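Numbering (this note's numbering), first residue to last: 78 to 226. Below: one structure, written as structure tokens.
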Amino acid sequence: MPKVPEAAHDEPSCSIERGLQALGERWTLLIIREIYIGKHRFAEIQASLGIAPNLLSTRLKTLVDAGVLRKRTYQMPGSRQRDSYHLTPAGEELQVILAAFQQWGDRHRPRPSGPSALRRQRSTGRPVHVGFIADDDAHEVAASNISSL
């Protein structure tokens, strides 16, 4: 019988808990949001969020180690080499989570001035929302009609 690595014994069995190990810190989803909107350099992210540099360094390292971000080296003329941060395919998949968080915040913690962003389908301009979709017929399924096995 193969021996299970010691680290596997410490892994939470709940996939939500394992996800939160990489994504559960206060600044993490905001950092990912900034990268989604095109801010890839440390200084851009730091200035936009107002996060302390040591916290940003720690969060970026965690996201790289978790496979959510990858680093690319760049160099501005006359400057030293630096890293920029880009989403991996795993990071790209977080767009649904960010959209769901935004949708929840707009619905349950609304601003008096309304939503900060509206999501629309590019081809039609029609509004979209996050929901469960059935694989076979592409119809939305109400959350109350979903079970987890």
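Where a beta carbon is used, it is the ideal one built from N, C-alpha and C, also for glycine. The structure displayed is predicted, hence computed values, not measured ones.
Environment of ILE122 [buried if 16+ CB atoms lie within 10 Å]: Flag for ILE122 reads buried.
Taking DSSP as the reference, what is the three-state secondary structure of GLN198? Here GLN198 carries a coil assignment [DSSP, helix/strand/coil].
Check the C-beta distance from ILE109 over to LEU175 and give it rounded, since I have them as a contact under 8 Å.
Indeed they touch by this definition, with Cβ atoms about 7 Å apart.
Original post:
What residue does the alpha helix (DSSP H) around ARG184 start on, and which one ends it?
Top reply: Segment 172-185, the alpha helix (DSSP H) holding ARG184.
Tell me the DSSP secondary structure of ALA219 in three-state form. Here ALA219 sits in coil by DSSP.
- How would you label GLU217, buried or exposed, when you count the other beta carbons within 10 angstroms and need 16 or more for buried? Exposed, by the Cβ-count rule.
Nearest neighbour of ASP160, chosen from GLN172, GLU88, VAL141 and VAL173 [CA to CA]:
Looking at the Cα atoms, VAL141 is the closest of the given residues.
For this session: Take the Cβ of ASP214 as the centre, count every other Cβ of all protein chains shown within 10 Å, and call the residue buried at 16 or more, exposed below.
Result: Result: exposed.
*Tell me whether THR150 sits in a helix, a strand or coil according to DSSP, three-state version.*
In the three-state scheme derived from DSSP, where H, G and I count as helix and E and B as strand, THR150 is classed as strand.
* According to DSSP, residues forming a beta bridge with ARG103 -> DSSP, once it has assigned bridges, lists no residue as partnering ARG103.
Q.
Measuring only the C-alpha atoms, how far is GLY101 from GLN152?
A. About 32 Å.
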